[in-house]
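Working notes, structure below.
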Amino acid sequence: MTNRALAGVLTFIAALLVTATVNAYVDAPILVPTNPVQGQTVSVSIRSGICDGFYDDEPGYPQNTRTGNAIRILLASVHEEDQLFCNIPDFTSIFSVGTFPAGVYTVQVDRVYTTSEPFDFTETLATLPLVIAGGSTSVPTIGPIGLGLMVVGLIALSGVALRRRGKALMLFAVTSLAHY
106 MTNRALAGVL TFIAALLVTA TVNAYVDAPI LVPTNPVQGQ TVSVSIRSGI
156 CDGFYDDEPG YPQNTRTGNA IRILLASVHE EDQLFCNIPD FTSIFSVGTF
206 PAGVYTVQVD RVYTTSEPFD FTETLATLPL VIAGGSTSVP TIGPIGLGLM
256 VVGLIALSGV ALRRRGKALM LFAVTSLAHY
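In structure tokens:
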């Protein structure tokens, strides 16, 4: 084999090795919804893949603990160190943290996985601020009786303003009642 052919084969093999490099990732967790109110369930959302993933059906997980205004959620996960086993699809995992009264909290998101050693490794992914607003505000509405009284009131006010123009008042009244 000539030097040129050998260089071509080695370049081809090197290109295959470079493209076969695998990158594991776990994106920073985020809280959803972004502006929760009292009584609304708060969850943590984490995107991961390739060599990292999370279990949503692992017995005993997630573990939620609360001490005062400090909340900790511990998630079961997997981390592959051998690139031959890095075949975890890209996925966004969502885990419920809970519902809380109005106030200011911190949420520490941790994950646990088994390493090549026969023990578990716990890693803190983020400590996130959480502000829970007071109860949801409701907009007052009027029922059918209130709507009817409003239409009668508008007609009466229009009658005062348009008393000299009887046809205009009649046209307004018919148009207003036609919308029922």
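For what it's worth, this note's numbering labels the leading residue of the sequence shown as 106, then goes sequentially. Just so you know, even glycine gets a beta-carbon here, dropped at the ideal spot from N, CA and C. Note that the structure is predicted; figures quoted are calculated from it, not measured.
Range covered by the beta strand (DSSP E) that runs through residue i
i: residue 158; result: 157-159
i: residue 175; result: 175-184
i: residue 212; result: 208-219
i: residue 163; result: Counting along the chain, residue 163 falls outside any beta strand (DSSP E), and DSSP gives it neither H nor E.
i: residue 225; result: 225-237
i: residue 137; result: 135-137
Proximity below 8 angstroms, CB of residue i to CB of residue j
i: residue 229; j: residue 211; result: no
i: residue 130; j: residue 183; result: no
i: residue 147; j: residue 214; result: no
i: residue 174; j: residue 209; result: yes
i: residue 200; j: residue 167; result: yes
For residue j and residue i, believed in contact at Cβ under 8 angstroms, the rounded distance
i: residue 158; j: residue 193; result: 4 angstroms
i: residue 261; j: residue 142; result: Not quite, the Cβ-Cβ distance comes to about 41 angstroms (not below 8 angstroms), so this is no contact.
i: residue 153; j: residue 186; result: The Cβ separation is near 15 angstroms, so there is no contact.
Selection from the options that minimises the alpha carbon distance to residue i
i: residue 150; options: 197, 143 and 139; result: 197
i: residue 180; options: 255, 226 and 145; result: 226
i: residue 165; options: 155, 173, 178 and 199; result: 178
i: residue 204; options: 235, 254 and 155; result: 235
i: residue 292; options: 160, 139, 155 and 145; result: Limits of the chain in this structure are 106 at one end and 285 at the other, which puts residue 292 out of reach.
i: residue 132; options: 145, 176 and 156; result: 156
i: residue 144; options: 207, 224, 247 and 176; result: 207
According to DSSP, residues forming a beta bridge with residue i
i: residue 80; result: Because residue 80 is not part of the residues shown, which for the chain are 106 to 285, the question remains open.
i: residue 195; result: Residue 195 is not bridged to any residue.
i: residue 154; result: 130
i: residue 203; result: 147
i: residue 142; result: 238
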